[in-house]
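In what follows, a single structure is set out as C-alpha cells and then discussed.
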Amino acid sequence: MAEEEKAIRWGILGCGKISSDFARAMQKVDKSVLVAVASSSKERAVMFAKEFGLEESRAFDSYVTLIQHPEVDVVYMARTNNFHLEDVKAGLENGKHVLCEKPLGLTRGEVEYMVNLARAKGLFFMEAAWTCFFPAIRYCTKVLAEGGIGKVTHVNGTFGYVRGQGTNRLVDLALGGGSLYDVGIYLLLVTTLAIGKNRKVEAVHSRAVLHPGGADVHLALLLGFDGDTNATLSCSVEAAMPNDFDIMGTAGRIHISGPFHCPTRISVTSNGRTRTSEFPLPTCEAWQDGGGNPLFHFPNSEGLVYEIEHVADCLRRGDTESSLHPLSHSLALAALMESIRHGIGVKYGADAK
Numbered sequence: 014m015a016e017e018e019k020a021i022r023w024g025i026l027g028c029g030k031i032s033s034d035f036a037r038a039m040q041k042v043d044k045s046v047l048v049a050v051a052s053s054s055k056e057r058a059v060m061f062a063k064e065f066g067l068e069e070s071r072a073f074d075s076y077v078t079l080i081q082h083p084e085v086d087v088v089y090m091a092r093t094n095n096f097h098l099e100d101v102k103a104g105l106e107n108g109k110h111v112l113c114e115k116p117l118g119l120t121r122g123e124v125e126y127m128v129n130l131a132r133a134k135g136l137f138f139m140e141a142a143w144t145c146f147f148p149a150i151r152y153c154t155k156v157l158a159e160g161g162i163g164k165v166t167h168v169n170g171t172f173g174y175v176r177g178q179g180t181n182r183l184v185d186l187a188l189g190g191g192s193l194y195d196v197g198i199y200l201l202l203v204t205t206l207a208i209g210k211n212r213k214v215e216a217v218h219s220r221a222v223l224h225p226g227g228a229d230v231h232l233a234l235l236l237g238f239d240g241d242t243n244a245t246l247s248c249s250v251e252a253a254m255p256n257d258f259d260i261m262g263t264a265g266r267i268h269i270s271g272p273f274h275c276p277t278r279i280s281v282t283s284n285g286r287t288r289t290s291e292f293p294l295p296t297c298e299a300w301q302d303g304g305g306n307p308l309f310h311f312p313n314s315e316g317l318v319y320e321i322e323h324v325a326d327c328l329r330r331g332d333t334e335s336s337l338h339p340l341s342h343s344l345a346l347a348a349l350m351e352s353i354r355h356g357i358g359v360k361y362g363a364d365a366k
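Counting in our numbering, the sequence shown runs from 14 upward without gaps.
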C-alpha cells in the first residue's frame, strides 16, 4: 500500500485581512492545514486562531515562537513590507520554508540577501505573487507561448482604487507604502509574463503624484523593452481605475478583464474573431456567512487556493523554488521597482543600509 501523503503544516505571521483570506482559502485545500498563528497582539492572535478552529495554545504574540514551532513546515509571512526582510531571515535561519507576501523586500539588496540565504539553506522560498497561479493567467501565457497573437508589441494596464480610512500603511514610507509597491507590482508582473521574463528594460519614463509624507499615490509609466516592445501602465491608491490589462501583438490581442491580477475572464482576438473564456473561482460552503455572502476581505480571494496548492506541490516534490514564479523573476522585479522608485523620488529608510 502506498504511503499516505502527509499534510503540509502552515504557520501564519501577521493576522491582518490578507492573512484571514489566506487561512480561509486553505480550508479548501486538501492536505494543507493551519497549525499556528502569530501577531504582535496576543488577543488578536487568539481571536484569529479561534476563527479558524485552532486552540488558544496555537496563537502566539511572539513571531520567533511560531517560526521555531516544531510542527510548522512552512510559514506564510504577511506583515507590512518593512518587516519582510526580518521575518524571512528568521524563518530561513530556523529551517522553515517561506512564502512571503509581495513585494519581497524594499530594495534590490534586501531581495538578493533573502534569495541567497534561501539557496544556501536549501529551503523553499517564494514571493506570494498569487496572480501567476490563476488558471486564467496560465491560459493567457499558453496562448502567448503558442503564438496566438503573434509577436507582442505593446501592453497596457491599470490598477487603482481609493484607499479607505485606516489604511495609512499605503502612504507610510516607514512601512514601505506607495502605489508602486502595493499594486504597481502586479502591472509589472503581468507585463513580464506577457513579453518574457528576461527582457531588458531600455527606457523608463514616469510621472508620479506624491503624498505629503513622500509616498507615491498616483503613478504613470511608459517602459521600453528590447525588441521594440512598450508598456503603458498606471496605478493609484487614490483613484478608481478599470483594472483591466491588454496585450497587443502583430496578429491579435488578449484582454484580461478586471480585476486582472486575479482574473476569471480572458478574451483572445485573432483573425477577426474574439473568443472569451471563463475560469470560475473555487467554491466552499465554509466561505459564506448565514446570508450567503462571502467572508473574504478582498476580491476573488478564493483564488488563493491556487497559490496554496502550488506551494504544497513544490514542497512535496522537494523543489526549493517555483517554476511559475522563480526567484530570478522576483529579483528582476525588485531591481525594476527600485529603479522606478528612485526615478520618482520615493526613498525608504532601507535605501541607506
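For every residue, glycine included, the Cβ atom is placed at its ideal position computed from N, Cα and C. Note that the coordinates shown come from a computational prediction; the quantities given were computed from them, not determined experimentally.
Please look up how many angstroms separate the CB atoms of residue i and residue j, rounded, as I've assumed it's under 8 Å.
i      : j      : result
Leu294 : Glu315 : 4 Å
Phe147 : Cys275 : 6 Å
His110 : Phe137 : 4 Å
Ala91  : Gly177 : Actually they are not in contact, since the Cβ atoms of Ala91 and Gly177 sit about 19 Å apart, beyond 8 Å.
Glu215 : Gly237 : 5 Å
Arg212 : Thr242 : 7 Å
Gly191 : Ala264 : With a Cβ gap of about 37 Å, Gly191 and Ala264 do not count as contacting.
Ser367 : Gly356 : Residue 367 lies beyond the residue range present for the chain, which begins at 14 and ends at 366; the question has no answer from this structure.
Val168 : Leu344 : Rounded, the Cβ-Cβ distance is 21 Å, inconsistent with contact.
Gly24  : Leu79  : 5 Å
Leu188 : Ala347 : 17 Å between Cβ atoms; not a contact.
Leu67  : Val50  : 7 Å
Tell me whether residue i is buried or exposed, calling it buried when 16 or more other Cβ atoms sit within 10 Å of its Cβ.
i      : result
Asn95  : buried
His97  : buried
Phe35  : buried
Ala253 : exposed
Arg330 : exposed
Val175 : exposed
Leu119 : buried
Pro83  : exposed
Cys145 : buried
Asp100 : buried
Gly160 : exposed
His224 : buried
Cys327 : buried
Helix, strand or coil for residue i, going by three-state DSSP, please let me know.
i      : result
Asp239 : coil
Tyr89  : strand
Ala36  : helix
Val42  : coil
Ile267 : strand
Ala348 : helix
Pro307 : strand
Asp326 : helix
Leu202 : helix
His224 : coil
Ile21  : strand
Asn129 : helix
Met261 : strand
Ile162 : coil
Ser70  : helix
Val359 : coil
Leu47  : strand
His342 : helix
His97  : helix
Ala62  : helix
Shorter than 6 Å, the distance from the beta carbon of residue i to the closest heavy atom of the ligand GDP, or not?
i      : result
Arg286 : The model on display carries no ligand, and the ligand GDP is accordingly not part of it.
Between the options, which lies nearest to residue i when the distance is taken from Cα to Cα?
i      : options                        : result
Glu322 : Gly161, Ser283, Trp143         : Trp143
Leu206 : Val165, His355, Tyr194, Val217 : Val165
Ser33  : Tyr361, Leu349, Val318, Lys213 : Val318
Val46  : Val87, Ser70, Leu79            : Val87
Pro312 : Gly304, Thr287, Asn256         : Asn256
Asn107 : Glu125, Arg121, Gly135         : Gly135
Phe65  : Lys41, Ser75, Leu112           : Lys41
His342 : Tyr76, Leu202, Leu193, Gly104  : Leu202
Ala103 : His231, Pro225, Ala131, Phe61  : Ala131
Gln9   : Ala58, Leu105, Leu67           : The chain is shown from 14 up to 366; residue 9 falls before or after that span and cannot be answered.
Val48  : Lys63, Pro307, Arg57           : Lys63
If we ignore side chains and look at the alpha-carbon of each, how far apart do residue i and residue j end up?
i      : j      : result
Val196 : Val156 : 25 Å
Ala325 : Gln301 : 25 Å
Gly227 : Lys19  : 48 Å
Gly304 : Glu69  : 28 Å
Arg22  : Met139 : 16 Å
His268 : Asn284 : 15 Å
Pro272 : Ala38  : 18 Å
Glu114 : Val359 : 21 Å
Phe258 : Tyr89  : 28 Å
Tyr373 : Ile353 : It is not possible to answer for residue 373, since the shown part of the chain is limited to 14 through 366.
Glu334 : Lys30  : 26 Å
Thr277 : Thr204 : 18 Å
Leu234 : Ser54  : 39 Å
Pro339 : Met60  : 35 Å
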